[in-house]
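Novice: Top line first, the protein sequences correspond to chains A and B. Taking this note's numbering, the leading residue of the first sequence gets 1, the next gets one more, and so forth. Taking this note's numbering, the leading residue of the second sequence gets 90, the next gets one more, and so forth. I'd like to ask some things about the structure below.
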Amino acid sequence: MKNGKEDEVLAMSSVVGCVTTFDPGWEVDDEGGIASLCQPMEADLYGCSDPCWWPTQVPDTSSSYKQWADKSSSSKDKWREFDNVYPKL
Amino acid sequence: MINNKLKSKLLLALFTASSCLCLNADIVKLKPNRDYIVTETRPNNIVLVDAKEQKIVNNCKIDESFSPGGIVLAPDNRHAFILGGYGEEIAGYNITTCKKVFHANLTQGDIKGQSLAGLAVSEDSKKVYAIYNRTKLGIDRYTVLDPMFSSFNVVDGLNAKATISFKIPRQMTLMSVAKDGTIYAIGSALYKINPKTKDVKVVKKILNWGKKNYSDPDSAGNYIIGQQQGDFSTLYYTEKYNKNGEAIGWYWGVTSVDLNTNKVEQFEFTDYETLMFAIMRSPKNRNIAYGTLNDLTKFDLKNKKVLKRVILDHTYYSPAISPDGTKVYLGNCLNDIAIYDAKTLKKLGNVYLPGDMGSAALQVFHNK
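Rendered as C-alpha cells:
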C-alpha cells in the first residue's frame, strides 16, 4: 500500500494446506445453473480434493486429512466409507 | 573333470543369463499395431488397457500414496512416472513388468515440496522434470518459498536427487516436452524452460495479456495430456467488448503448442456454450479439437464451428485422442474410460477400472 496500490494476491502461492484456491460450492455453476456442475456430484469429490481445488467443501488432503478416502477406491459406490461422512467418535 | 567344471560354469552362466532375461522379460507382451492406454487409479494402481479389446491387460501396484494422481508416460512407451505422496514424491514404473525404476522426494528436510501436475519426461526418456511449490516448515511458522524447477536422471534409480534446480515464476501448473527437447510450461503464461541455462522465458502471455477489447482470460491447466499426440493445449475463456466498451459475449480460446513443430498459437474458437475442463487437438488434423466435461464437443477451430456435441454419461475431465485420430478416449473421473468414434462421436464402449482416477488423466500410445 506504500505506493498507493496493493500487491496482487496470487493463488497457489503456497501448498501448505488447501487454503489457496477459492471457488463456489457445488450448489450452482458459474452461470447460476447446475448444468456445468460435475455429474454425479460424487464424481467430483476426488477431482476437488486431490488437487486441493475446493478447499472448503472437501477435506484438506495436503496436510490435515490425507487418509480421508483411503477406504474408498470408488467415490460413486463407496462414499459412505469416507472418514468425514461417518467419523468414528 | 575339466570338462565337467567348464560345463558347470557354462551352465551357471547360462542360468544366470536366463535368470536375468526372466527378470527383465516383459510380464505383459504388448501386441503389435495396437493402441494402449495408461492411467493411474485408486488405491495404488497403474493400469494398462488394450484399447482395441477394451480390457485391462496389466495392473501394477505402486508404493506411493495415490494423491494427487498425476501420471505421465515416457516417450519410450514403457515407463510411467507418477506424482504420489500427496504431491511430494515422484516414482517411475515399467508398465509391462511393474518394476519400480525411479523414486525422488520433492520434500527435502524441513522444506516441503509439492506438485499439483507439474511432471514431464524428456523425449529420450532419460530425464524427469518437475515444477513444484515449496514451503519451509518452521516450529512456529510456515514460510512460502519460490517455486522450483528440477531435473532428475532416471538412471539414478530409487534414491534420485535433482541434478539441476532453479527458481521459477509462480502459478505454473503443467509441463510438456516438444520433439526437439524444448520444455514448455503453462500457468499464468506459456513459458519455455531451458534447464541448461536456467532460463525461463515467456512465450505467450495469458494473465495480463493486454489484448485490446478482451477481458483478462481465465485459464486452467490441470491435466497431463497430449505429449504422445504432439499437443500441449490449455483452454481459456474471455469476455469480448465492442468499441464502446460494452460486453458482447464470452468466448473459449486455446493456448497451444504443436510439440512436433514448436508452433505456438493463441486464439478464440467458439462461444462459451458449455463448460469444458480440457481440450486436445487431433494428431492427424490440428484444426479439429475435442473438449470435454459433461459433454464431448468436436470443434472446427479455423471456422469456429461446433461440429458435433454429445452428452456424456457422467463428467470426464479430459480427453485423449488415439494416435491415428480415429478414437477419443475420455477419462480422469470416476472409474471408467469411455471410448468414442472421433468422426461421429458415437460411443463405442467403456473400460471399467479397479478404482477412481481422480486427477490422473489418460496416456495413449500406439505400439508398432
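Glycine is no exception: its CB is placed at the ideal position from the N, C-alpha and C atoms.
Reducing DSSP to helix, strand and coil, say where residue 230 (chain B) ends up.
Specialist: Position 141 of the second sequence, counting from 1, holds the residue named residue 230 (chain B). Correct three-state label for residue 230 (chain B): coil.
Novice: Starting from residue 452 (chain B), follow its DSSP beta bridges and name the residues at the other end.
Specialist: To locate residue 452 (chain B), count along the second sequence from 1; it is residue 363. For residue 452 (chain B), which the question treats as bridged, DSSP gives the partners B:127.
Novice: So, is the C-beta of residue 71 (chain A) closer than 7 angstroms to a C-beta in chain B?
Specialist: Locating residue 71 (chain A) in the first sequence gives position 71, where the first residue counts as 1. No, because no Cβ of chain B sits closer than 7 angstroms to the Cβ of residue 71 (chain A).
Novice: Using a beta-carbon distance cut-off of less than 9 angstroms, what residues from the stretch 40 to 56 of chain A approach chain B?
Specialist: Result list: 40, 42, 43, 44, 45, 46, 47, 49, 50, 51, 52, 53.
Novice: Could you tell me if residue 331 (chain B) is buried or exposed, where buried requires 16 or more neighbouring beta carbons within 10 angstroms of its beta carbon?
Specialist: Residue 331 (chain B) sits at position 242 when you count from the first residue of the second sequence. Classification of residue 331 (chain B): exposed, given that the 10 Å Cβ count is below 16.
Novice: What did DSSP end up calling residue 349 (chain B) once you bin it into helix, strand or coil?
Specialist: As a working mapping, residue 349 (chain B) is identified with position 260 in the second sequence. Of the three classes helix, strand and coil, the one that applies to residue 349 (chain B) here is coil, per DSSP.
Novice: Hey, residue 128 (chain B) and residue 451 (chain B): beta-carbon distance below 7 angstroms or not?
Specialist: Working through the second sequence from its first residue, we reach residue 128 (chain B) at position 39. Working through the second sequence from its first residue, we reach residue 451 (chain B) at position 362. Cβ atoms of residue 128 (chain B) and residue 451 (chain B): closer than 7 angstroms.
Novice: From which residue to which residue does the alpha helix (DSSP H) around residue 48 (chain A) run?
Specialist: On the first sequence, residue 48 (chain A) is found 48 positions in, with the first residue counted as 1. Unbroken alpha helix (DSSP H) run through residue 48 (chain A): 45 to 49.
Novice: Could you tell me the boundaries of the beta strand (DSSP E) in which residue 420 (chain B) lies?
Specialist: Here residue 420 (chain B) is taken as the residue at index 331 of the second sequence, counted from 1. Residue 420 (chain B) -> beta strand (DSSP E) spans 416 to 420.
Novice: Are residue 219 (chain B) and residue 239 (chain B) touching if we call contact CB-CB under 7 angstroms?
Specialist: Within the second sequence, numbered from 1, the residue matching residue 219 (chain B) stands at position 130. Within the second sequence, numbered from 1, the residue matching residue 239 (chain B) stands at position 150. Yes, the Cβ-Cβ distance between residue 219 (chain B) and residue 239 (chain B) is below 7 angstroms.
Novice: For residue 133 (chain B), I'd like the list of residues in its chain whose CB is within less than 7 angstroms of its CB, leaving aside the five on either flank, ordered along the chain.
Specialist: Locating residue 133 (chain B) in the second sequence gives position 44, counting from the first residue. 150, 151, 155, listed in sequence order.
Novice: State buried or exposed for residue 368 (chain B), treating a residue as buried only when at least 16 other CB atoms are found within 10 Å of its CB.
Specialist: The sequence position of residue 368 (chain B) within the second sequence is 279, counting from 1. It is buried - the Cβ of residue 368 (chain B) has at least 16 other Cβ atoms within 10 Å.
Novice: Does the beta carbon of residue 445 (chain B) come closer than 7 angstroms to any beta carbon on chain A?
Specialist: Here residue 445 (chain B) refers to the residue found at position 356 of the second sequence. Yes - at least one Cβ of chain A is within 7 angstroms of the one on residue 445 (chain B).
Novice: Could you list the residues in the stretch 392 to 415 of chain B with a C-beta less than 7 angstroms from some C-beta on chain A, going in chain order?
Specialist: Listed by position along the chain: 403, 404, 406.
Novice: With DSSP collapsed to three states, give me the class of residue 147 (chain B).
Specialist: To locate residue 147 (chain B), count along the second sequence from 1; it is residue 58. Here residue 147 (chain B) sits in strand by DSSP.
Novice: Please name the residues in the stretch 296 to 321 of chain B whose beta-carbon is closer than 8 angstroms to at least one beta-carbon of chain A, in chain order.
Specialist: If the cut-off is 8 angstroms between Cβ atoms, the stretch 296 to 321 of chain B has 311 near chain A.
Novice: Can you name the residues of chain B whose CB is closer than 7 angstroms to the CB of residue 64 (chain A)?
Specialist: Residue 64 (chain A) sits at position 64 when you count from the first residue of the first sequence. Chain B residues near residue 64 (chain A): none, gap ~11 angstroms exceeds 7 angstroms.
Novice: Going by other Cβ atoms of all chains shown within 10 Å of its Cβ, with 16 needed for buried, is residue 97 (chain B) buried or exposed?
Specialist: Here residue 97 (chain B) is taken as the residue at index 8 of the second sequence, counted from 1. Caution applies to residue 97 (chain B), whose pLDDT of 47 falls short of 50 and renders its modelled position unreliable; the model cannot decide the point.
Novice: Do residue 202 (chain B) and residue 223 (chain B) come within 7 angstroms of each other at the CB atom, strictly closer than that value?
Specialist: The residue you call residue 223 (chain B) lines up with position 134 of the second sequence. The residue you call residue 202 (chain B) lines up with position 113 of the second sequence. Yes, the Cβ-Cβ distance between residue 223 (chain B) and residue 202 (chain B) is below 7 angstroms.
Novice: Could you compute how far the alpha carbon of residue 337 (chain B) sits from the alpha carbon of residue 123 (chain B)?
Specialist: Residue numbering aside, residue 337 (chain B) sits at position 248 when the second sequence is read from its first letter. Residue numbering aside, residue 123 (chain B) sits at position 34 when the second sequence is read from its first letter. Going from the Cα of residue 337 (chain B) to the Cα of residue 123 (chain B) covers about 47 angstroms.
Novice: Tell me the rounded alpha-carbon separation between residue 326 (chain B) and residue 115 (chain B).
Specialist: The residue you call residue 326 (chain B) lines up with position 237 of the second sequence. The residue you call residue 115 (chain B) lines up with position 26 of the second sequence. Computed Cα separation, rounded: 45 angstroms.
Novice: Going along chain B, which residues have a C-beta under 9 angstroms from residue 29 (chain A)?
Specialist: Here residue 29 (chain A) refers to the residue found at position 29 of the first sequence. Within chain B, the residues near residue 29 (chain A) are 364.
Novice: Quick check: the Cα distance between residue 290 (chain B) and residue 282 (chain B), rounded to an integer number of angstroms?
Specialist: Start at 1 with the first residue of the second sequence, and residue 290 (chain B) comes out as number 201. Start at 1 with the first residue of the second sequence, and residue 282 (chain B) comes out as number 193. Approximately 7 angstroms, taken between the alpha carbons.
Novice: Grab me the residues of residue 260 (chain B)'s own chain with a C-beta within less than 7 angstroms of its C-beta, minus the 5 sequence neighbours each way, in chain order.
Specialist: Translated into positions along the second sequence, residue 260 (chain B) becomes position 171. If we look at residue 260 (chain B) and ignore the five residues flanking it on each side, its Cβ neighbours are 276, 277.
Novice: Return the Cβ separation of residue 373 (chain B) and residue 413 (chain B) in integer angstroms, given the expectation that the two are a contact with Cβ distance under 8 angstroms.
Specialist: The count along the second sequence starts at 1 and reaches residue 373 (chain B) at position 284. The count along the second sequence starts at 1 and reaches residue 413 (chain B) at position 324. Between residue 413 (chain B) and residue 373 (chain B) the Cβ distance is about 7 angstroms, and since that is below 8 angstroms, they are a contact.
Novice: Let me check understanding here. Comparing Cα to Cα, which of B:340, B:249, B:433 lies closest to residue 390 (chain B)?
Specialist: In the second sequence, counting from the first residue as 1, residue 390 (chain B) sits at position 301. Taking only the C-alpha atoms, the option nearest residue 390 (chain B) is B:340.
Novice: Tell me the start and end of each unbroken beta strand (DSSP E) in the stretch 332 to 420 of chain B that is at least 3 residues and wholly inside, in chain order.
Specialist: With a minimum length of 3 residues, the continuous beta strand (DSSP E) runs that stay inside the stretch 332 to 420 of chain B are 336 to 347, 353 to 360, 365 to 370, 377 to 382, 384 to 389, 394 to 400, 407 to 410, 416 to 420.
Novice: Using only alpha-carbon positions, find the residue among B:427, B:322, B:351, B:363 that is nearest to residue 378 (chain B).
Specialist: Here residue 378 (chain B) corresponds to residue number 289 of the second sequence, with the count starting at 1. For residue 378 (chain B), the nearest C-alpha among the options comes from B:322.
Novice: Are residue 217 (chain B) and residue 255 (chain B) touching if we call contact CB-CB under 7 angstroms?
Specialist: Start at 1 with the first residue of the second sequence, and residue 217 (chain B) comes out as number 128. Start at 1 with the first residue of the second sequence, and residue 255 (chain B) comes out as number 166. The answer is no: Cβ separation not under 7 angstroms.
Novice: Under 8 angstroms, with one C-beta from each stretch per pair, do the stretch 403 to 422 of chain B and the stretch 32 to 41 of chain A reach the 3-pair mark?
Specialist: Yes, the stretch 403 to 422 of chain B touches the stretch 32 to 41 of chain A.
Novice: Just how far apart, CA to CA, sit residue 228 (chain B) and residue 298 (chain B)?
Specialist: On the second sequence, residue 228 (chain B) is found 139 positions in, with the first residue counted as 1. On the second sequence, residue 298 (chain B) is found 209 positions in, with the first residue counted as 1. Looking at the two C-alpha atoms, the distance is approximately 40 angstroms.
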